[in-house]
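Asker:
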Amino acid sequence: MAKKRNGRQDAIREIVRNKEVRTQRNLVEELKNAGYECTQATVSRDIADMGLRKLPEGVYVLAEDLHLQRMVSELVVDVLRTGNLVLVKAQPGTASGIAAAIDAAELPDVLGSLAGNDTILVIAQTAEDGERLEGMISKLRSVRK
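Number 119 in UniProt numbering belongs to position 119 of the sequence shown; there are no gaps in the numbering.
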């Protein structure tokens, strides 16, 4: 049972990071699309266990991504990608803090990051991972406090 729950929670992590999930029902549907049959009560318990938070905009975010979300929404100016390389442009002097937040979030597709004064280079494993990372950072960027 724990193995099944862990797999489902990994799926929840990926769904919440890559899509705008606003309701538990929406999350149940996304899990169903990913091959997990579960009830809204199960999803509710998972949300509590995982410490998911709802942003003021009504979108769920992982607790470990909250710090990253705050930094990205306030400090990131632009996101560009080529293949597995994601370039994050930020306010002057803030790149190392943002890179540290990216590293702390332990994103599964990220190999590492390098930071200068106002630019972060994030290296993903594959071009597909880079595309997913670019989408996630863009999504976090559009969320304002």
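Where is the CB? At the ideal position from N, CA and C, for every residue including glycine.
Where does GLN40 land, buried or exposed, given buried means 16+ other C-beta within 10 angstroms?
Answerer: Translated into the one-based positions of the sequence shown, residue 40 becomes position 40. It counts as exposed.
Asker: Cβ atoms of ALA124 and ASP103: under 8 Å apart, would you say?
Answerer: By one-based count along the sequence shown, residue 103 stands at place 103. By one-based count along the sequence shown, residue 124 stands at place 124. The answer is no: Cβ separation not under 8 Å.
Asker: ILE98 and VAL86 - do their beta-carbons sit closer together than 8 Å?
Answerer: Position 86 of the sequence shown holds residue 86. Position 98 of the sequence shown holds residue 98. No.
Asker: So is VAL37 buried or exposed if we call it buried at 16+ other beta carbons inside 10 Å?
Answerer: Looking up residue 37 in the sequence shown gives position 37. The sequence given here places Glu at residue 37; Val does not occur at that position. Exposed, because fewer than 16 other Cβ atoms sit within 10 Å of the Cβ of GLU37.
Asker: Could you give the residue range of the beta strand (DSSP E) that holds ARG22?
Answerer: As a first step, residue 22 must be located in the sequence shown, where it is residue number 22. First-last for ARG22: undefined, no H or E at that position.
Asker: Buried or exposed for ALA63, please, with buried defined as at least 16 other CB atoms from any protein chain shown within 10 angstroms of its CB.
Answerer: As a first step, residue 63 must be located in the sequence shown, where it is residue number 63. Exposed, because fewer than 16 other Cβ atoms sit within 10 Å of the Cβ of ALA63.
Asker: In chain order, what residues of the same chain have a beta carbon less than 6 Å from the beta carbon of HIS67, not counting five sequence neighbours either side?
Answerer: Residue 67 sits at position 67 when you count from the first residue of the sequence shown. Cβ neighbours of HIS67 beyond the five flanking positions: ALA101.
Asker: Leaving aside the five residues before and after TYR60 along the sequence, list all residues of the same chain whose C-beta is less than 8 Å from its C-beta, in chain order.
Answerer: Position 60 of the sequence shown, counted from the first residue, corresponds to residue 60. VAL16, VAL21, ARG22, LEU27, ILE47, LEU52, ARG53 and LYS54.
Asker: Going by the CB atoms, is the gap between LEU140 and VAL77 shorter than 8 Å?
Answerer: Taking the first residue of the sequence shown as position 1, residue 77 is located at position 77. Taking the first residue of the sequence shown as position 1, residue 140 is located at position 140. Going by C-beta atoms, VAL77 is not nearer than 8 Å to LEU140.
Asker: Please name the residue in ARG45, GLN91, LEU75 and ARG81 whose C-alpha comes closest to that of GLU128.
Answerer: To locate residue 128, count along the sequence shown from 1; it is residue 128. Cα-wise, what sits closest to GLU128 is ARG81.
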